[in-house]
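Here the structure comes first, spelled out in structure tokens, and everything after it is commentary.
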Ligand SMILES: NC(=O)c1ccc[n+]([C@@H]2O[C@H](COP(=O)([O-])OP(=O)(O)OC[C@H]3O[C@@H](n4cnc5c(N)ncnc54)[C@H](OP(=O)(O)O)[C@@H]3O)[C@@H](O)[C@H]2O)c1
């Protein structure tokens, strides 16, 4: 029987990972939040892992505020790099298999064809650098590990109101024209597609780095247009702009499309095309709103989502 310990269990991805794992009766699940184990506290990590003795860890906890990381680099490094090192250290001591969630932002974005797992990294912001250092610690400490790089995550768990879809919908409440960058290309990914893939990966007898994202590519502008089209918001105009016209603390790669060939070659089913999953996102959101007796355009609070 596998015993899977999930860090960041109340985050956007973590909540979906817990749901996916619980669907498998051969897995016992240990959800872990910052309240019961702060990953930056070595003693707390040891105590928790010693108590639970999991066979696997799916490490979703992270500092994910990409712009704030530029102003608070120490915090980003402490959580994303040192916190990950703490986990890797005890995975080695207690012989636990570690699956670490990483990001497309470990790449510089200069390539113009999909990044392979073996391509050189070169992060251009603090968040990407801190996540990459997390990868480096794992590779230094463990012989067998799974580093899963994903990108542009959206989902209905955790504080989901921070995600791109909800941000667009919120801005549209006060503006009818929204400017969105059209010179950053990537793969939009959905937590309800990624989480079952992580469950599947537990049984995959291959190690190292894996790129996992939904199929198809888009720019943020194209993603925004599709959001308003699916939401039936013909009153909103999306205007394409360049990154240099949008002020943000962190630089982002202009091209961070990851190649999905490795998982395909391992026989793993590709995740759906992003547009299909975007429609699924709205179906799920509406279903939750209906069950809470809210009008479909109202975003349920993250607390209500957890009920
Ligand atoms: N979001 C994206 O677009 C994206 C893209 C690529 C990769 N990823 C990666 O995917 C993973 C999941 O991302 P997500 O969007 O689900 O993140 P999220 O919603 O921000 O969740 C992260 C979780 O980590 C917890 N956490 C933060 N500091 C911690 C600490 N010191 N100890 C224990 N827990 C701590 C947070 O708790 P609090 O909320 O209480 O602080 C939160 O529950 C992360 O590794 C992220 O780097 C995300």
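In this note's numbering, the protein residues as written are 4 to 310. Backbone N, C-alpha and C fix where the C-beta goes; we use that ideal spot for every residue, glycine too.
Counted within 10 angstroms of its Cβ, other Cβ atoms place residue i as buried (16 or more) or exposed
i	result
residue 98	exposed
residue 313	This structure cannot speak to residue 313, because the chain is shown only from 4 to 310.
residue 301	exposed
residue 19	buried
residue 290	exposed
residue 1	There is simply no residue 1 to check, as the chain begins at 4 and stops at 310 in what is shown.
residue 263	buried
residue 4	exposed
residue 210	exposed
residue 52	buried
residue 206	exposed
residue 59	buried
residue 57	buried
residue 3	The first residue shown for the chain is 4 and the last is 310, placing residue 3 beyond what the model contains.
residue 26	exposed
residue 238	exposed
residue 228	buried
residue 67	buried
residue 173	exposed
residue 149	buried
residue 89	buried
residue 104	buried
residue 175	buried
residue 295	exposed
residue 96	exposed
residue 111	buried
residue 216	buried
Strand pairing of residue i, partner residues [DSSP]
i	result
residue 214	152
residue 9	34, 61
residue 193	157
residue 261	118
residue 101	60, 148
residue 274	217
residue 266	According to DSSP, residue 266 bridges with nothing at all.
residue 55	None, per the DSSP bridge assignment.
residue 241	181
residue 18	Looking at the DSSP assignment, residue 18 forms no beta bridge with any residue, so it has no partner.
residue 106	153
residue 71	Looking at the DSSP assignment, residue 71 forms no beta bridge with any residue, so it has no partner.
residue 188	222, 258
CB-CB length for residue i against residue j, believed under 8 Å
i	j	result
residue 101	residue 127	Actually they do not touch by this definition, with Cβ atoms about 26 Å apart.
residue 167	residue 284	Their Cβ separation, rounded to whole angstroms, is 11 Å, which puts residue 167 and residue 284 out of contact at 8 Å.
residue 9	residue 31	About 11 Å separates the two Cβ atoms, so there is no contact after all.
residue 151	residue 213	5 Å
residue 1	residue 70	In this structure the chain extends from 4 to 310, so residue 1 is not present and cannot be described.
residue 153	residue 106	7 Å
residue 92	residue 136	Actually they do not touch by this definition, with Cβ atoms about 14 Å apart.
residue 266	residue 24	That pair is no contact at about 19 Å.
residue 124	residue 85	About 19 Å; that fails the 8 Å criterion.
residue 22	residue 198	7 Å
residue 187	residue 240	With 8 Å as the limit, residue 187 and residue 240 do not qualify as a contact, their Cβ atoms being about 20 Å apart.
residue 224	residue 243	5 Å
residue 191	residue 226	5 Å
residue 308	residue 204	With 8 Å as the limit, residue 308 and residue 204 do not qualify as a contact, their Cβ atoms being about 25 Å apart.
residue 303	residue 292	6 Å
Handout entry: Within 5 Å of ligand 1: residues by beta-carbon to any heavy atom
Key = Residues with a Cβ closer than 5 Å to any heavy atom of ligand 1, in chain order: 11, 13, 14, 15, 16, 37, 41, 42, 43, 63, 64, 65, 67, 82, 104, 106, 153, 156, 161.
Practice task
Mind the definition here: the stretch 11 to 19 touches the stretch 52 to 65 only if three or more C-beta pairs lie below 8 Å; say whether that holds.
Solution key: By the criterion of at least three beta-carbon pairs nearer than 8 Å, the stretch 11 to 19 is in contact with the stretch 52 to 65.
Problem - Validate contact between the stretch 223 to 237 and the stretch 274 to 281 using beta carbons, cut 8 Å, 3 pairs - result: Verdict: yes, contact present.
Exercise for the section: Indicate whether the contact test is met: 3 or more Cβ pairs, each with one atom in the stretch 168 to 183 and one in the stretch 38 to 52, closer than 8 Å. Expected result: Contact between the stretch 168 to 183 and the stretch 38 to 52 is absent, because fewer than three Cβ pairs lie under 8 Å.
Problem - Meets three-Cβ-pair contact criterion under 8 Å: the stretch 73 to 90 and the stretch 120 to 137 - result: Segments in contact, yes.
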